[in-house]
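Inspection log for the structure reproduced underneath, given as structure tokens.
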Amino acid sequence: MKQLFLFLSLHFTSLIYAQLTVSPYNNGTGNNGTGSNLQQFVQTNLVGSGITISNVTFTGANRQMGSFNSTNTVLFTNQGMDNGIILSTGEAKTAIGPNDEPYACGIGGYIGNTSTDPDLQILAGSSIKDKAILEFDFIPQGPSIEFKYIFGSEEYPEYVGSSYNDAFGFFLSGPGISGTFSNNATNLALIPNTSIPVTINNVNAMSNSAYFVYNGDPGNGTTIAPYRNNPQYIEYDGYTVSLTAKAQVQCGQTYHLKIAIGDASDQSYDSGVFLKGGSLFSEAPVDISLLTGTAASDDVTLVRGCSGTNLVFTRSSGLDSVLTVNYQTSGSAVSGVDYTPIPNPVVFQTGQDSVVIPVTALPSGSGLDSLIITMSQSNSCGQTSSGAIIIRIQDPAPIQLSAPDVTIPCTGNTATLTATASGGATPYTYSWSNGANGSSTTITVTSSGTQQYYVTATDACGSQKTDTVTVTFNEPSIIDSLTATHTIACSNTGSVTAYTSNVSGNAVYTWSGPGTNSSNVSHSTVFNNLSSGWYYFSVQDNGCTDKDSIFVQGINSPSAVIIADKTQGCSPATFVLSNGSTNSTTYYWNTGSGYYPVSNQDAQTVTLTSDRNIYLIASDGSCSDTTMISLTVHPLPDVNTSPDQTICAGASVSLTANGADTYIWTPATGLNTTTSSTVAASPSATTTYAVTGTSSFGCTGTSYVTITVLSGPDANFTPSVTTGEAPLEVVFENTSINAVSYIWNFGNGQSSTSSNLNVSSTYSETGIYEVILVASNGECKDTAKATISVTAPGILIHVPNVFTPNGDNVNDEFYIGTTNAKTVYVEIYNRWGNTMVRLEKPADTWDGGNSPDGVYFYKYKITDFADKLYEGHGFFHLERGQ
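Under our numbering, think of the first position of the sequence shown as 768, with each following residue one higher.
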């Protein structure tokens, strides 16, 4: 007997392990697929070599079929079932693990298909529900077909031996097939080496247990670790090992394969069959190819004495037997002279899918020869396949080497030498006389004068070629000397003479220094009228550059210098100007009203309200120097603030200042911040605030604002009770102080302006009510709030999981017990979804009538006196006993 229990499960997903993935066909939408998309789906996810399919159809909901990938799950690591197609009696995605649903019957519920299938009905011995059928025609190339599969079910282990024997089958029909199913089909889903079909009752922990895999359901309505929390496991409570469906067929004939699965008797508890991808195959011919390195082809060219290839024979079927393949050779190449001898025939041992034979070109032959290998092979059906490959053998070509000479314009520069090999056999290696070796065609050298380098190129066959590279480094132009005179007095009277040699007519000269920057000057030039300082001379010729420099020393002349304590300030700004002049005895200041002389270096103090330029002349009696300094005066910011304000105690007012860039408010008492242009002020007593604004130049200005604070009321009250069932009367005690009037809002539509110590209100309906008291004293107000929660009487619901209508007056009727329920509505169904009875009042019951013992399903809708709806469903048992 099936037993269903109501339970609550919590699902936690782990990302540590790999998990089965399922992609429903056509995104799981629609029913009964046909056409090219379905054919491609089957071709991609099931069909292997030697099979041609057509006329593919699917009967069922598309969410019952999908492609799967089980890499790193138990299906792959333990059974080798890595990918393919899954068919299910419910949603294909239900198979995804872990096994945390003891009675899984579809992610979206039942499929709802009640039409039976005659072939599955024979296997199950009862009617079929929720069938899923994939069928197609196919033509085999060989005399046999096979494919691999795993069958799993939620019916394990509780319903082994029962009528709930979910069925599946692989029904093959066509030439030479004579079976007991539709169209004389035979079932290929058999226990190995028997004629017994694979079913829940035939493969389990007690029967044919070698083919059964336990998956974590001990049969008590729960699942156990690690099956229930490790997603490497699948959802089904048990499944078979990987089995092989096989059949003998006639080559080249058309057959029909029907792959079907369905629920037996009811629509509960899913089952599914996994079909291994690419495992549906028939015998295929042998293939021949050439593999050189990692590149495969049917035509290669080898060089005598230094290269080879691999002759590769492959087969994709018949691995369970030994296969001998003969081939033919032709062409001008001679075995043992032009190439190494190769075996003929080729023998595939059991389990071997490829044979590799190395072929090497020998140095003993000469000229251009070819080896042609052809193969003509028939399978057991007489189908013939042929193939041919060509191996060309040639003499090694002579290696050539080019390494051109190099000329470098200047000693000390680097030269890049390049050698390029051609001919011979690639790849090439290079060896240089400076010790550099490898596959690089270039090296870099640094030297002087003329040098020779040797390079040797070696090809893949060992042939060598040597060449010489001559590197010439040119000598640069030279600056012979720079000479200077020192006759500078009060004006620019210095001079420098430059001398060069070893220059061409294309040389470029550059001269620079204080007050001069000249190019295209002569190679032998006198530079006059120079002031004191460093001078630089350079020459560029044939890509080379030479440089020199010289310092021209002048006579000590007066130098006027003003040293200021600052160059800018806030109005009125006072500046202290010091005299830092040198080599002088007399000074003339101009601070705004003309020059006036002083005979010492005393500092000058000036106070300014606007910008001004200050000048100083320093003189030694013969020469003089003048300097100037600019002084900047910034205005003070005009800071303004909000007007004076009057507020109630506890209130806040916004104050704003402008006219500056940054602000500081004092005192900080009652302010939310002291550094913003706008502050929120909530002083507890009358306060005068000062705000000092600072401009971007650091100048400051101050403004004041007074906030007068009035005493205000303090609203407060205490409810006698805050929660209770309706109707609820609440008494509110008014504990406000410093107030003369009141306004009550009780939240239930009632209000009051009573000044009594106690006021009351009654709450007749359930709900959450907010009570508000506003206490006033003149313009000042204060508010107090409280919440009253009114509830309806609590509701209780009790549902039995079994009743025994056997006339003993004990548990003879099924009903849903309630307390404080307003309405009760119950529907009861049998396991086929038929409605048995409706209970529409709290006191209604069901005595079972003539219904048989078994599992029934119920749904209820119950409301309490607050009209809150309660819904639920579940299973219960009707058991009359003996």
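From the three backbone atoms N, C-alpha and C, an ideal C-beta is built for every residue, glycine too. Predicted, not measured: the structure shown is a model, and the values here were computed from it.
CB residue i to CB residue j, shorter than 9 Å?
i: L1383; j: T1374; result: no
i: A1542; j: A1482; result: yes
i: G1132; j: A1164; result: no
i: S1386; j: S1351; result: yes
i: P1402; j: G1460; result: no
i: I1381; j: G1359; result: yes
i: L1422; j: V1476; result: no
i: S918; j: F1041; result: Ser is not the amino acid found at residue 918; the sequence shown has Phe there. Yes, they are a contact pair.
i: T1081; j: I1055; result: yes
i: G1202; j: P1125; result: no
i: T961; j: E868; result: no
i: G1641; j: N1573; result: no
i: G1468; j: A1418; result: no
i: N1587; j: L1606; result: no
i: M848; j: K1043; result: yes
i: F903; j: S1038; result: no
i: P791; j: G857; result: no
i: S1557; j: S1528; result: Reading the sequence as shown, one finds Val at residue 1557 and not Ser. No, they are not a contact pair.
In angstroms, rounded to a whole number, what distance separates the CA positions of residue i and residue j?
i: T1341; j: V1406; result: 23 Å
i: Y1006; j: S855; result: 13 Å
i: Y994; j: G864; result: 8 Å
i: T861; j: Y981; result: 18 Å
i: P1364; j: L1398; result: 21 Å
i: Y1266; j: T1187; result: 46 Å
i: T1526; j: E1500; result: A small fix is needed here, since residue 1526 is Val in this sequence, not Thr. Near 7 Å, if we compare the C-alpha coordinates of E1500 and V1526.
i: Q1231; j: Q1161; result: 18 Å
i: V1222; j: N1204; result: 9 Å
i: G802; j: G1045; result: 20 Å
i: N850; j: S976; result: 25 Å
i: A1553; j: V1472; result: 38 Å
i: Q1218; j: P1130; result: 40 Å
i: I912; j: P998; result: 34 Å
i: I874; j: M973; result: Note that I874 scores 44 on pLDDT, short of 50, meaning its location in the model is unreliable; the coordinates nonetheless yield the value given after this. One C-alpha to the other measures close to 30 Å.
i: T1068; j: I818; result: 36 Å
i: G876; j: V1053; result: Caution applies to G876, whose pLDDT of 47 falls short of 50 and renders its modelled position unreliable; the model cannot decide the point.
i: S1279; j: Y1303; result: 5 Å
i: N969; j: S893; result: 16 Å
i: I852; j: V1122; result: 32 Å
i: G1118; j: S1049; result: 16 Å
i: F1513; j: S1478; result: 27 Å
i: Y784; j: F905; result: Its pLDDT being 48, under 50, Y784 is placed unreliably by the model, and the measurement read from it follows with that caveat. Cα to Cα, Y784 sits roughly 39 Å from F905.
i: S1389; j: P1325; result: 9 Å
i: I1139; j: A1192; result: 23 Å
Return the first residue and the last residue of the alpha helix (DSSP H) that residue i is part of.
i: T844; result: V841 to T844
i: S803; result: S803 to N812
i: A891; result: P885 to A891
What residue range is occupied by the uninterrupted beta strand (DSSP E) comprising residue i?
i: D1392; result: S1391 to H1401
i: Q1167; result: I1166 to S1169
i: G1229; result: Note, G1229: premise wrong, no beta strand (DSSP E); not H, not E.
i: E1607; result: Where E1607 is concerned, there is no enclosing beta strand (DSSP E), given that its DSSP letter is neither H nor E.
i: N1544; result: G1534 to N1544
i: E1050; result: From DSSP, E1050 is part of no beta strand (DSSP E); its letter is neither H nor E.
i: S790; result: T788 to P791
i: A1197; result: A small fix is needed here, since residue 1197 is Tyr in this sequence, not Ala. Per DSSP, Y1197 belongs to the beta strand (DSSP E) from T1196 to W1199.
i: S834; result: M832 to N836
i: P1486; result: F1484 to P1486
i: K1635; result: Note, K1635: premise wrong, no beta strand (DSSP E); not H, not E.
i: S1470; result: T1467 to L1477
According to DSSP, which residues form a beta bridge with residue i?
i: K1314; result: S1305
i: C1337; result: H1401
i: E1492; result: T1558
i: W1511; result: S1519 and L1540
i: V1594; result: Reading off the sequence shown, one finds Glu at residue 1594, where the question assumed Val. According to DSSP, which records beta bridges pairwise, E1594 is partnered with R1605 and K1626.
**Stretch pair the segment 1562-1573 + the segment 1500-1514: three plus CB contacts closer than 8 Å** = Counting Cβ pairs under 8 Å, fewer than three are found: no touch.
**Message:** With three or more C-beta pairs closer than 8 Å as the rule, is the segment 1406-1426 touching the segment 1341-1361?
**Reply:** The answer is no - the segment 1406-1426 does not touch the segment 1341-1361, with fewer than three Cβ pairs under 8 Å.
**Prompt:** Does the segment 823-833 touch the segment 938-955, meaning 3 or more C-beta pairs lie closer than 8 Å?
**Reply:** Short answer: they don't touch.
**Request:** Mind the definition here: the segment 1010-1027 touches the segment 928-941 only if three or more C-beta pairs lie below 8 Å; say whether that holds.
**Result:** Taking 8 Å as the limit for Cβ pairs, the verdict is that the segment 928-941 does touch the segment 1010-1027.
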